[in-house]
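Quick notes on the structure that follows.
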Amino acid sequence: AERRRTSLQRTPIAATVLTGESLASSGVTNVDQLQFISPAATVNNFGQGIDFNIRGIGKGEHNTQTTTGVITYRDGVATFPGYFTAEPYYDIARVEILRGPQGTFVGQNATGGAVFVTSNDPVIDGGHHGYLQAQMGNYDALGLQGAINLPVSDTFAARIAFNGDRRDSFYDIEGPYTGDDGVQIGSFRLGMLWQPRDNLSVLFKTDLNYLDLSGYPADPVNSPNGLFDITANADIHALDRCGRSVLKIDYELANGTTIRSVSGYQKGRTEYRADLDGTSFGDSIFGDAVDEESYSQEINLI
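Residue numbers for the sequence shown follow the working numbering, beginning at 429 and rising by one.
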């Protein structure tokens with residue numbers, strides 16, 4: 429939160445800080461599960477959008493016009509506020525959840541607080557190490573996740589991480605044109621670290637995410653069907669595709685002061701289509717597609 433390493437007990441901020449191992453043991457794999465491990469946090473996840481509140485302050489209405497009150501940073505760069513939130517948590521080093529206004533360090537979209545998600549960096553002298561895990565379940569659910577550290581030389585290392593999940597839909601949709609093929613999520617991250625000198629480090633990370641959330645099927649309010657038996661016949665669709673690249677350069681001066689540059693580029697496309705009447709008669713469709721692009725540059729004197 430203060431752009432430097434500090435002891436949490438001596439830092440004047442109300443915060444919850446968890447390592448990647450703690451997140452895994454708590455079963456946290458996405459943003460809405462943070463509310464189960466952090467006091468005063470509530471998350472309303474719409475799949476393609478999110479209302480995140482800390483101490484009751486944040487965002488109470490789900491739309492693109494209302495600014496978010498809790499900002500999320502990924503590897504030092506502010507993400508799109510309130511959208512592309514299904515990006516999974518994998519190969520995480522730590523998560524910091526800061527309660528209360530954080531405008532001094534992260535700007536106007538942090539009235540309620542801020543969340544910093546940091547993935548594992550490459551380790552130059554750490555040898556070849558990593559992990560691989562898989563899961564399976566009903567509804568033909570399959571998952572695979574892993575990472576590997578690659579020490580290329582005495583001054584350069586890379587780290588590759590990936591995550592994939594898929595499952596069939598919970599719903600039986602009459603159709604015929606539902607577009608509901610189940611949930612399919614794929615994510616990939618490449619990190620590269622170069623340290624030519626003790627006082628200079630250059631870290632580059634790039635993330636790619638394909639988030640097919642299937643859709644949001646619903647029946648008319650007075651429908652006699654079962655909860656998971658849907659009569660909608662129009663094409664339903666909920667798909668996010670997004671990428672992020674972050675370049676962090678640290679240069680330490682002779683007096684111990686560090687100059688840090690964090691450059692970010694993000695681009696994403698969110699698509700949504702829904703059957704408005706929820707019936708099997710006629711086609712009443714609502715849909716939209718929005719492209720987002722963001723450049724950021726931050727300079728810190730630490």
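All residues carry an ideal CB built from backbone N, CA and C; glycine is no exception.
(message) Let me check understanding here. Comparing Cα to Cα, which of Ser597, Ile499 and Ile525 lies closest to Phe464?
(response) Mapped onto the sequence shown, residue 464 falls at position 36. Nearest option by C-alpha distance: Ile525.
(message) Measuring only the C-alpha atoms, how far is Asn661 from Thr444?
(response) Here residue 661 is taken as the residue at index 233 of the sequence shown, counted from 1. Here residue 444 is taken as the residue at index 16 of the sequence shown, counted from 1. Counting only the Cα atoms, Thr444 lies some 45 Å from Asn661.
(request) Pull up the distance between the alpha-carbon of Ala682 and that of Gly555, whole angstroms please. (result) Here residue 682 refers to the residue found at position 254 of the sequence shown. Here residue 555 refers to the residue found at position 127 of the sequence shown. So the two alpha carbons sit approximately 30 Å from each other.
(message) With three or more C-beta pairs closer than 8 Å as the rule, is the stretch 578-596 touching the stretch 551-566?
(response) yes
(message) Assuming Ser453 is part of the beta strand (DSSP E), what are its boundary residues?
(response) For the purposes of this step, residue 453 is taken as the residue at position 25 of the sequence shown. First-last for Ser453: Gly448 to Ser453, but that is the alpha helix (DSSP H), not the beta strand (DSSP E).
(request) Would you identify the three-state DSSP class for Leu462, choosing helix, strand or coil? (result) Residue numbering aside, residue 462 sits at position 34 when the sequence shown is read from its first letter. Helix.
(message) Is it buried or exposed, Asn383, if we count other Cβ atoms within 10 angstroms and call 16 or more buried?
(response) A query on residue 383 cannot be resolved here, the shown segment of the chain reaching from 429 to 730 and no further.
(message) For Gln618 and Ser597, what's the separation of their Cα atoms in angstroms?
(response) The residue given as residue 618 occupies position 190 in the sequence shown. The residue given as residue 597 occupies position 169 in the sequence shown. It is Leu, not Gln, that sits at residue 618 in the sequence shown. Distance between the alpha carbons of Leu618 and Ser597: 31 Å.
(request) Write down every uninterrupted run of the beta strand (DSSP E) in the stretch 584-646 whose length is 3 residues or greater and which is fully enclosed by it, in chain order. (result) 584-595, 611-625 and 628-640
(request) Could you tell me which residues DSSP pairs with His665 in its beta bridges? (result) Residue 665 sits at position 237 when you count from the first residue of the sequence shown. Paired residues: Arg701.
(request) Using beta-carbon positions only, say whether Asn537 and Thr470 come within less than 8 Å of one another. (result) To locate residue 537, count along the sequence shown from 1; it is residue 109. To locate residue 470, count along the sequence shown from 1; it is residue 42. No, they are not a contact pair.
(request) Check Leu570 in the structure and name its three-state DSSP category. (result) By one-based count along the sequence shown, residue 570 stands at place 142. Correct three-state label for Leu570: strand.
(message) When you compare the CB positions of Lys633 and Gly671, do they come within less than 8 Å of one another, or not?
(response) Here residue 633 refers to the residue found at position 205 of the sequence shown. Here residue 671 refers to the residue found at position 243 of the sequence shown. In this structure, Gly671 does not lie closer than 8 Å to Lys633 by Cβ.
(request) Go ahead and pull the three-state DSSP assignment for Thr500. (result) Working through the sequence shown from its first residue, we reach residue 500 at position 72. Three-state DSSP puts Thr500 in a strand.
(message) With a threshold of 6 Å on Cβ separation, who are the neighbours of Ser466 within its own chain once the five nearest residues in sequence on each side are excluded?
(response) If you number the sequence shown from 1, residue 466 lands on position 38. Once the five neighbours on either side are set aside, the close Cβ partners of Ser466 are Thr444 and Ile525.
(request) Kindly indicate the opening and closing residues of the alpha helix (DSSP H) around Phe533. (result) Residue numbering aside, residue 533 sits at position 105 when the sequence shown is read from its first letter. Start and end: Gly531 to Val534.
(request) Measuring alpha carbon to alpha carbon, tell me which of Ile658, Ile713 and Leu628 ends up nearest His665. (result) Locating residue 665 in the sequence shown gives position 237, counting from the first residue. It is Ile713 whose Cα lies nearest to the Cα of His665.
(request) Examine the Cβ distances between the stretch 711-730 and the stretch 541-549 and report whether three or more of them are shorter than 8 Å. (result) no
(request) Let me know the secondary structure DSSP gives Gln437 once reduced to three states. (result) If you number the sequence shown from 1, residue 437 lands on position 9. Gln437 falls in the helix class under three-state DSSP.
(request) Could you pull the start and end residues of the beta strand (DSSP E) that Arg527 belongs to? (result) To locate residue 527, count along the sequence shown from 1; it is residue 99. Here the beta strand (DSSP E) through Arg527 covers Ile520 to Arg527.
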